[in-house]
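Novice: There's a structure below that I have some questions on.
Residue numbers (this note's numbering): 353 to 577.
See the structure below:
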């Protein structure tokens, strides 16, 4: 079941969010961080899938801090505009919004809350593990190498496409070297291989990554923020 809510971050800013509720006892809570295009139908489809798998999911509309209800086309122009939004937002503000979503899930249903992110969201999921102590799943986070000096405070797994035009093999290798005790999975696919309903989507790779992500999420102990 999908609903909407408003999140209030520690700095007082309010943003919108979608909530996808499971109709079975929750396996855990999940904050899902969108790509540079905003909360698209593709992102909602992924969130709905996790709810059907038994997770209580919140998807914060992180671009609301700049322009409410912004959803960009999933093409080159949309990516250019999305990167402009990302540059204006910085890193601290989105992490505050993620924390607000985590607190809602912890109050309402779930002792265990994790983060999963895609593209830009994949980098933020990594930073949630280093800065907020939240377990995470990171999909093709292009900017992660800029923050490899940061120490992980929670478990994380990484998914990368071996044919990613934005993330060279050297980047993936750097992540592997930095975190030898955390799984770094590679797939015979390009960037955004989990973008449901769009040409980058690679069904076999997406399904395998999903299975690994679910196994990881189920393996976690309760965490606190």
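Note that beta-carbon positions come from the ideal geometry of N, C-alpha and C, so glycine has one too.
Indicate the three-state DSSP secondary structure (helix, strand or coil) for residue 416 in the structure shown.
Specialist: helix
Novice: Indicate the three-state DSSP secondary structure (helix, strand or coil) for residue 370 in the structure shown.
Specialist: strand
Novice: Would you check if the distance between the CB atom of residue 544 and the CB atom of residue 471 is smaller than 8 Å?
Specialist: Result yes, Cβ atoms of residue 544 and residue 471 sit closer than 8 Å.
Novice: Below 8 Å CB to CB, which residues in the same chain sit around residue 577 once its five sequence neighbours on both sides are set aside?
Specialist: The predicted model places residue 577 with a pLDDT of 48, which falls under 50 and marks its position as unreliable; any figure quoted below should be read in that light. Taken in chain order, the residues that qualify are 451, 454, 455, 458, 465, 484, 485 and 486.
Novice: Suppose the cutoff is 8 Å on Cβ atoms and the five residues either side in sequence are ignored; what does the same chain contact list for residue 479 look like?
Specialist: 443, 447, 499 and 502
Novice: What residues in its chain sit with their C-beta under 7 Å from that of residue 403, if we drop five residues either side in the sequence?
Specialist: 372, 373, 374 and 409
Novice: Taking DSSP as the reference, what is the three-state secondary structure of residue 388?
Specialist: Residue 388 falls in the coil class under three-state DSSP.
Novice: Is the shortest distance between the beta-carbon of residue 432 and the beta-carbons of chain C less than 8 Å?
Specialist: Among the chains of the structure shown, chain C does not appear; only one protein chain is present.
Novice: What are the start and end residues of each continuous alpha helix (DSSP H) run of 4 or more residues lying completely inside the segment 469 to 514, in chain order?
Specialist: Complete alpha helix (DSSP H) runs here, min 4: 472 to 483.
Novice: By Cβ distance, which residues of its chain are closer than 6 Å to residue 400, with the 5 residues on each side in sequence left out?
Specialist: 372
Novice: Have a look at residue 523 and residue 538 and give me their C-alpha separation to the nearest angstrom.
Specialist: The alpha-carbon atoms of residue 523 and residue 538 are separated by roughly 12 Å.
Novice: Whole angstroms are fine: how far does the CA of residue 359 sit from the CA of residue 417?
Specialist: The straight-line gap from Cα to Cα measures roughly 11 Å.
Novice: Since residue 355 is in the beta strand (DSSP E), which residue starts that stretch and which ends it?
Specialist: 354 to 360
Novice: Under a Cβ-count criterion, where at least 16 other Cβ atoms within 10 Å of its own Cβ denotes burial, should residue 549 be classed as buried or exposed?
Specialist: exposed
Novice: Taking Cβ positions, are residue 434 and residue 391 nearer each other than 8 Å?
Specialist: With contacts defined by Cβ atoms closer than 8 Å, residue 434 and residue 391 do not form a contacting pair.
Novice: When you compare only the Cα positions, how much space is there between residue 530 and residue 570?
Specialist: 24 Å
Novice: Would you give the residue range spanned by the alpha helix (DSSP H) that residue 433 belongs to?
Specialist: 428 to 441
Novice: Within 10 Å of its beta-carbon, does residue 431 have 16 or more other beta-carbons around it, so buried, or fewer, so exposed?
Specialist: buried
Novice: Determine the DSSP secondary structure at residue 568, reduced to helix, strand or coil.
Specialist: helix
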